[in-house]
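In this note's numbering, the protein residues as written are 1 to 330.
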Ligand code: PMV
């Protein structure tokens, strides 16, 4: 076992197809240049001790999962659980018994905002623990473990978040079928606008499932349109057709509104971005709050950042991270 290891994994923005991807449709997703970092060290007594400064959570798990808070009380257990699951699954691949680990997580990714913070943390933690234990684990192993961890966050994850955090770049993700890499014919700077409204992904996913159950003929047509957007979006991205990418983002947003996952604040930021010249703008992730993304015309991102902030959001420009999970220190 090593004395220390450190790994990182990127956040993501879903360009097209969130929610539809839960129901078996493809989605296009891009890793962005915000990262979560996990540092792993050996710990005596077989415990898994996890500290996350950004979540203000610090606690200790036994190998069997019994939780003891160190800081933040019992209620932060839920926040640390995916990290525990990721670490535990990786540890079960090691021959050594009674090994313990201490994991420290730092992240600049806004939490519960649709940017895949929890998956990035799980992916980075799995990689750091694997490296600490000197295991020869592949990207596919890390993805599988992080998907298990994601199941503690919400019941029915498509896997898109752990996939993009693991593999990085720009991908088409199809549940059960894995990933296909896309080469964008253009640089894709995006403006992210955060409503600063926290929401629970699982609740939004459930809401869509319920509306689909009530109105299957209507919602299935919407999902088919989502699939068509992904097909056309892939072509537009490959040929660098910014106008088409923007138009398809706008149409995708309208479909998400129809599913009931947008709200007044999201729409306010989306319209502020469009009125400031964005070629397209849509919510990204589960909706109900969280973030929007806007596609600026080349060199015009500042105007859009200002417009989103003027409308009450927090905004920043981001771009693609080609690298997925990465070992920082071994
Ligand atoms: O947790 P978020 O907001 O990054 O959203 C994940 C994307 C969904 O399609 C809504 C859920 C999923 O598991 O794919």
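Quick reminder that beta carbons are idealized off the backbone N, C-alpha and C, glycines included.
Remember, predicted model here, so these are calculated numbers, not experimental data.
For residue 165, there is no enclosing beta strand (DSSP E); the residue is part of the alpha helix (DSSP H) that begins and ends at 160 to 167. Residue pairing of residue 102 in beta bridges, as defined by DSSP: 41 and 49. Distances taken from the Cβ of residue 201 to the heavy atoms of ligand 1 include one shorter than 8 Å.
Nearest to residue 26 by C-alpha distance, out of 151, 12, 107 and 177, is 177.
Residue 241 sits in coil when the DSSP states are folded into three classes, being neither helix nor strand. For residue 19, the secondary structure class from DSSP, reduced to helix, strand or coil, is coil.
Per DSSP, the beta-bridge partners of residue 69 are 59. Residue 285 and residue 204 have their C-alpha atoms roughly 10 Å apart. The three-state reading of DSSP puts residue 24 in coil, since its state is none of H, G, I, E or B.
Judged by the Cβ position, residue 276 fails to qualify as a neighbour of ligand 1 at the 8 Å threshold, every heavy atom of the ligand being at least this far. Remark: the C-beta of residue 96 is outside contact range of ligand 1, defined as less than 8 Å to any heavy atom. For residue 281, the enclosing beta strand (DSSP E) stretches over residues 280 to 284. When the Cα atoms are used, residue 19 and residue 45 turn out to be separated by approximately 42 Å. Residue 79 has its CB no nearer than 8 Å to any heavy atom of ligand 1. Bounds of the beta strand (DSSP E) holding residue 180 are 178 to 181. The bridge partners DSSP lists for residue 10 are 35.
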